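The sequence shown runs 7 to 244 under our numbering.
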Amino acid sequence: MSLQHTSRPKWLTFDCYGTLIQWDEGLQQAVATILRSKQAAAIETARLIAVYDHHEHRLEQTPPHRNFRTVAGEGLRLALEELDLSPADDDIAVLTDSISKMPPFPEVVAALRRLKAMGFRTCIVSNTDDDIIAGNVAQLADAAGNCIDRVITAQQAGAYKPNRQLFDYAHAQLGVTKDEVVHICASPHLDHAAARDIGFRCVWVDRGTGRRLLPDYTPDAIVRKLDEVPALFATLDW
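#1: Could you tell me the alpha carbon to alpha carbon distance between Leu-172 and Thr-39, rounded to whole angstroms?
#2: Got a sec, what are the start and stop residues for the beta strand (DSSP E) Ser-104 sits in?
#3: Secondary structure at Thr-39, three-state DSSP: helix, strand or coil?
#4: Per the DSSP calculation, Asp-148 is bridged to which residue(s)?
#5: Going straight from the alpha carbon of Arg-42 to that of Val-77, what length do you get?
#6: Could you tell me whether the stretch 116-127 touches the stretch 52-61, using the rule of 3 or more Cβ pairs below 8 Å?
#7: Per DSSP, what kind of secondary structure is Phe-173 in: helix, strand or coil?
#8: Determine whether the beta carbon atoms of Gln-35 and Ser-132 lie at a separation below 8 Å.
#9: Note the first and the last residue of the continuous alpha helix (DSSP H) segment covering His-60.
#10: When burial is assigned at 16 or more other CB atoms within 10 Å of the CB, is Asp-222 buried or exposed?
#11: So, Pro-225 versus Trp-210, is the Cβ gap smaller than 8 Å?
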């Protein structure tokens with residue numbers, strides 16, 4: 007697939023964590039803090055994150071829908087118990103409070119500002135709660151103001167990626183069809199699955215984290231950082 011000979015989108019939608027915001031780095035710091043509080047030096051940070059991710063993603067797709075704080079809290083509790091660690095009441099606060107403080111990647115704000123200058127409208131579509139992401143969105147600004155026009159969350163839609171309900175809700179809120187948006191993301195597991203199933207155009211930001219493409223989906227374009235996206239769109243006369 008390719009973006010060549012396709013129409014200019016009305017909106018650019020973005021995954022937030024891992025695409026705009028330094029999710030991996032922030033999550034590692036939060037989990038390391040939790041492990042230190044339990045004096046669990048024998049357990050590697052990556053191990054707890056892997057077990058937590060497994061439980062969190064499963065809970066996100068298990069009815070009924072619950073907000074992210076609830077899902078993350080239950081996922082963390084199950085992960086700690088699986089690793090024979092005792093959960094504490096403030097563990098989830100350490101995790102969720104850290105998310106709002108996670109900063110953008112260094113190139114992101116300037117890249118978003120350039121895309122806005124090119125006339126694109128911008129919307130985040132994210133697996134989170136409104137109050138959590140507010141702190142991150144506030145950081146996606148410069149002296150000219152915020153670079154994000156809309157924020158649509160799993161809390162609003164009542165569904166988490168890769169469930170297409172979140173994207174269908176986002177497109178309805180923006181008043182666009184799937185052919186009038188381009189989605190920009192870093193997560194093959196969540197966002198590419200939705201792009202495959204719905205058929206919207208998708209740019210993968212491959213930041214070299216080791217995430218792999220799905221075996222049955224190829225994104226329309228691949229970049230290494232967000233600041234490559236404006237140049238890519240310029241070649242398309244967008």
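Note that CB positions come from ideal geometry on N, CA and C, so glycine has one too. These numbers were taken from a predicted model, which means no experiment stands behind them.
In brief:
#1: Position 166 of the sequence shown holds residue 172. Position 33 of the sequence shown holds residue 39. Their Cα atoms are separated by approximately 32 Å.
#2: Taking the sequence shown and counting its residues from 1, the one referred to as residue 104 is at position 98. Careful: Ser-104 lies outside any beta strand (DSSP E), inside the alpha helix (DSSP H) at 97-107.
#3: Reading the sequence shown from its first residue, position 33 is the one you call residue 39. Correct three-state label for Thr-39: helix.
#4: Residue numbering aside, residue 148 sits at position 142 when the sequence shown is read from its first letter. Partner(s): Gly-151.
#5: The residue labelled residue 42 in the question sits at position 36 within the sequence shown. The residue labelled residue 77 in the question sits at position 71 within the sequence shown. Near 23 Å, if we compare the C-alpha coordinates of Val-77 and Arg-42.
#6: Judged by Cβ distances under 8 Å, the stretch 116-127 makes no contact with the stretch 52-61, as fewer than three pairs qualify.
#7: If you number the sequence shown from 1, residue 173 lands on position 167. DSSP places Phe-173 in helix when its eight states are reduced to three.
#8: Residue mapping note: residue 35 aligns to position 29 of the sequence shown, counting from 1. Residue mapping note: residue 132 aligns to position 126 of the sequence shown, counting from 1. Taking 8 Å as the Cβ cut-off, Gln-35 and Ser-132 do not qualify as a contacting pair.
#9: As a working mapping, residue 60 is identified with position 54 in the sequence shown. Run containing His-60: 51-66, per the alpha helix (DSSP H) assignment.
#10: Here residue 222 refers to the residue found at position 216 when the sequence shown is read from its first residue. Exposed, because fewer than 16 other Cβ atoms sit within 10 Å of the Cβ of Asp-222.
#11: Numbered from 1 along the sequence shown, position 219 holds the residue referred to as residue 225. Numbered from 1 along the sequence shown, position 204 holds the residue referred to as residue 210. Result yes, Cβ atoms of Pro-225 and Trp-210 sit closer than 8 Å.
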